[in-house]
Amino acid sequence: MKLFLLLLFLKFSIIRACYDDHGDWWTSDSAMSFWNAMWISVYEYNLLPFACTYTDYSTLATEPTIPPIHCQQDDIILNSRCYSFNRDELSQSDARAQCEMQGKTLAIFDNFSQIQFISSYASSKFATTYASFWIGLQRDSSSSSFYWPDGTSAVLTNWSPGYPFDGQLFVAQEISSGKWKTLSAEQQLFSVCSGIVS
């Protein structure tokens with residue numbers, strides 16, 4: 001029985017990471033060169049979020065007259081959000097300002113699939129698994145509840161054991177586990193920004 005992990009790419013080409021008695025390969029018949037513990041096997045009828053990338057450019061395609069406001073060509077698109085990765089290690093306020101210069105906020109997550117995918121992708125973008133990156137979640141100092149940069153309350157809970165710490169307002173995500181932890185705003189970390197696909 002084959003189990004498929006599906007990624008949908010533009011121009012309707014579907015790439016599958018397949019496993020059976022013959023090993024791992026992409027449907028393009030090239031060897032699968034990326035493997036980590038964040039990959040999971042699913043049945044082909046499972047509905048999952050997907051990531052898109054440009055694989056082939058057609059000379060017949062016309063350039064859009066208005067580019068997306070918050071998304072750039074190198075961004076990863078998941079559901080209605082696009083994500084970019086900042087390799088500069090910055091304080092929380094500097095990381096937030098860097099995202100705002102791109103027309104984005106520090107990363108907002110709508111579901112666990114986004115959290116896991118971005119954490120897995122971050123390990124290659126930041127070339128490490130033993131680090132964390134700033135995300136947009138932060139604590140309201142007056143009520144101790146957590147909220148995202150768009151003002152919505154945090155419904156997801158994805159805390160690393162023992163967190164959140166009292167008195168720490170800002171949240172980072174561990175690359176290795178995908179779990180969240182509260183940190184001092186002065187901590188120098190990578191960051192991930194997100195914007196709305198428009």
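The sequence shown begins at 1 in the UniProt record's numbering and counts up one residue at a time. Here a beta-carbon is modelled for each residue, glycine too, at the ideal position from N, C-alpha and C.
Excluding sequence positions up to five away, which residues of its chain have a Cβ less than 6 Å from the Cβ of residue i?
| i | result |
| --- | --- |
| residue 238 | The question about residue 238 has no answer here: the residues shown for the chain are numbered 1 through 198. |
| Asn86 | Gln98, Ser191 |
| Gln114 | Leu78 |
| Trp159 | Trp180 |
| Thr105 | Cys99, Gly136, Pro149 |
| Leu156 | none |
| Phe109 | Ile115 |
For residue i, which of helix, strand or coil comes out of DSSP?
| i | result |
| --- | --- |
| Glu100 | helix |
| residue 231 | Any answer about residue 231 is impossible in this case: the structure gives the chain only from 1 up to 198. |
| Ala185 | coil |
| Tyr121 | helix |
| Asp94 | helix |
| Ser132 | strand |
| Ile175 | coil |
| Gln72 | coil |
| Phe146 | strand |
| Phe85 | strand |
| Leu78 | strand |
| Val192 | strand |
| Val197 | coil |
| Ser160 | coil |
| Ser113 | helix |
| Ser153 | strand |
Short of 8 Å in beta carbon distance, which residues of its chain neighbour residue i, apart from the five on each side in sequence? Order them along the chain.
| i | result |
| --- | --- |
| Ala185 | Ser91, Gln92, Ser93, Leu169, Phe170 |
| Ser153 | Ser145, Phe146, Tyr147 |
| Ile175 | Ser119, Ala122, Ser123, Phe126, Thr128, Thr129, Tyr130, Ala131, Ser132, Phe133 |
| Ser141 | Leu169 |
Any idea if residue i is buried or exposed, counting beta-carbon neighbours within 10 angstroms, 16 or more meaning buried?
| i | result |
| --- | --- |
| Ala97 | exposed |
| Gln73 | exposed |
| Phe126 | buried |
| Arg139 | buried |
| Asp150 | exposed |
| Gly136 | buried |
| Ser194 | buried |
| Phe117 | buried |
| Ser30 | The predicted position of Ser30 is uncertain, since its pLDDT is 49 and thus under 50; a value taken from the coordinates is nonetheless stated next. Counting Cβ neighbours within 10 Å, Ser30 comes out exposed, since fewer than 16 surround it. |
| Phe112 | exposed |
Spatial neighbours of residue i within its chain, please: C-beta separation below 7 Å, excluding the five flanking residues on both sides.
| i | result |
| --- | --- |
| Phe165 | Thr182 |
| Ser80 | Ile196, Val197 |
| Asp75 | Cys82, Tyr83, Ser84 |
| Tyr163 | Trp180, Lys181, Thr182 |
| Ser143 | none |
Of the choices the options, whose alpha-carbon is the least far from that of residue i?
| i | options | result |
| --- | --- | --- |
| Asp88 | Gly167, Gln188, Ile108 | Gln188 |
| Pro161 | Val155, Gly178, Gly167 | Gly178 |
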